[in-house]
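Novice: Provided herewith is a single structure, encoded as structure tokens, for subsequent inquiry.
Residue numbers (our numbering): 88 to 223.
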């Protein structure tokens, strides 16, 4: 009985070590649902309400899928691009190609866990923060 308990503890410990050793690149791979978009430069409630309404379809439909070196999104149109994240997980770059006037996009990664991603993009006119939840 003691051997089974010891084996169980060792297996749990090994699983914990493996999950803790994931790189930012490994953590970001998978499907991510956009759950919230905030423009922190807006202060007027009317502007905030308009921004939220404008992004309602994005929140309802947008999913990003990160594979080894490609990223896809499904809304407003299907797109495929490339992505990179720096070694310490603080900067994410996505290039959607020539059809996207803002590409490549550079985001500050505010949070990256196995189930949560928060990125911030600084446009000249405003600062946009996007919150993602990992789809399991």
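Backbone N, C-alpha and C define an ideal beta-carbon position, used for all residues, glycine too. It should be emphasised that the depicted structure is a prediction, and the values quoted were computed from it without experimental measurement.
Taking the beta carbon of residue 184 as the centre, do at least 16 other beta carbons fall within 10 Å, making it buried, or is it exposed?
Specialist: Position 97 of the chain shown, counting from 1, holds the residue named residue 184. Classification of residue 184: exposed, given that the 10 Å Cβ count is below 16.
Novice: Is residue 122 closer than 9 Å to residue 219 when the C-beta atoms are compared?
Specialist: Taking the chain shown and counting its residues from 1, one reaches residue 219 at position 132. Taking the chain shown and counting its residues from 1, one reaches residue 122 at position 35. Cβ atoms of residue 219 and residue 122: closer than 9 Å.
Novice: Looking at the secondary structure, which residues open and close the beta strand (DSSP E) in which residue 219 lies?
Specialist: As a first step, residue 219 is located in the chain shown; it is residue number 132 there, counting from the start. Its beta strand (DSSP E) spans residues 214-222.
Novice: Kindly indicate which three-state DSSP category residue 131 falls into: helix, strand or coil?
Specialist: Indexing the chain shown from 1 puts residue 131 at position 44. Coil at residue 131, not helix or strand.
Novice: In terms of residue numbering, what span does the beta strand (DSSP E) encompassing residue 143 cover?
Specialist: One-based indexing of the chain shown puts residue 143 at position 56. It is not in any beta strand (DSSP E) - residue 143 instead sits in the alpha helix (DSSP H) that spans 143-148.
Novice: Taking one C-beta from the segment 118-138 and one from the segment 208-218 each time, how about it: are there three or more such pairs within less than 8 Å?
Specialist: The segment 118-138, when compared against the segment 208-218, does touch it at the 8 Å Cβ threshold.
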